[in-house]
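For the sequence shown, numbering that gives the first Met the number 0 begins at 0 and goes up steadily by one.
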Amino acid sequence: MLDANGVGYKVFLTEKTLSNLPKNDEFLKLYTYFHLREETAEIYGFLTYGELQLFETLNNVSGIGPRTALILSSFGSLEQLKAIIDRQDAKALQNIKGIGTKKLQKIALEITGKITEMGMRPSVLPAEEEAVGALISLGFSRQQAKAALADVAKEIQDPQERLKEALKLLGRYAK
């Protein structure tokens, strides 16, 4: 259960994330995925952006739902899961309900190249998401925040400078 300003949220986590949670009331930053179904809303939380990317990639495979994607993303590191999928090692995943050789082949086919790209992608996006979050906390909408950050010159790489420039732009938009 995650308490955010007095509101409690049930967040599904991987075993790895659970074992790395801070103790007591320490600050916790989670990258989340919100899944809305017909009758329920579920939140899945991850300690790193890479874990979230892996989960989303697995969740996009037809026939794999978010719960199975969460279990699959618990299988060690990105590299370990990639190796299991590349080898099509169904035995390594035999305890997961619904994952057999055929399903593993389908996963391998649909995500070929995607896991490698994720592992090599620079972690620019988390800083950008942090800037979006900061702007939202200042009262701007997600759409306004993303638009302002997109308008900031690409030469400005420092996250704090990007945030300052976005604030200036938002100030100009408001006038």
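Backbone N, C-alpha and C define an ideal beta-carbon position, used for all residues, glycine too. Predicted model, so just to flag it, every value in this text is computed and none were measured.
DSSP-derived helix/strand/coil call for residue i
i	result
Leu134	helix
Met119	Its pLDDT being 40, under 50, Met119 is placed unreliably in this model, and the value from its coordinates should be taken loosely. Reduced to three states, the DSSP call for Met119 is helix.
Ala152	coil
Leu35	strand
Gly64	coil
Leu12	strand
Phe45	strand
Gly7	strand
Contacts around residue i, its chain only, beta-carbon distance under 7 Å, and the 5 residues preceding and following it disregarded
i	result
Gln15	Per the sequence shown, residue 15 should be read as Lys rather than Gln. Same-chain partners within the cutoff: Ser73.
Glu55	Tyr32
Leu51	Tyr30, Tyr32 and Phe45
Residue i versus residue j: straight-line alpha-carbon distance, rounded
i	j	result
Leu108	Gln159	40 Å
Ile135	Arg141	6 Å
Ala149	Glu127	10 Å
Leu29	Ile42	11 Å
Leu53	Leu162	27 Å
Ala165	Ala133	11 Å
Phe139	Gly170	11 Å
Leu71	Gly5	32 Å
Leu46	Asn19	8 Å
Leu103	Glu154	42 Å
Glu25	Ile106	37 Å
Gly7	Ala82	37 Å
Pro65	Arg86	23 Å
Arg36	Val60	17 Å
Ile84	Thr67	15 Å
Glu78	Ile110	14 Å
Asp157	Ala3	29 Å
Leu137	Glu129	13 Å
Lys9	Ala40	10 Å
Leu80	Glu38	32 Å
Rounded distance between the beta-carbons of residue j and residue i, thought under 8 Å
i	j	result
Leu69	Ile63	Contact doesn't hold; Cβ gap of about 10 Å is too wide.
Ala183	Leu168	Beyond the ends of the chain as shown, which are 0 and 174, falls residue 183; an answer cannot be given.
Thr183	Gly44	This structure cannot settle anything about residue 183, because the visible part of the chain is limited to 0 through 174.
Leu27	Pro21	6 Å
Closer than 8 Å: residue i CB and nearest the ligand NAD heavy atom
i	result
Lys102	The ligand NAD is not part of this structure, which contains no ligands at all.
Close beta carbons around residue i, own chain, < 6 Å, minus the five adjacent residues each side
i	result
Leu92	Ile98
Ile95	Ile70
His34	Glu41 and Pro65
Cβ shell of residue i (< 8 Å), same chain only, five flanking positions each side left out
i	result
Ser122	Residue placement at Ser122 cannot be trusted, given a pLDDT of 38 that sits under 50; what the coordinates show is reported in the next sentence. Once the five neighbours on either side are set aside, the close Cβ partners of Ser122 are Tyr48 and Gly49.
Val131	Arg141, Ala144, Lys145 and Leu148
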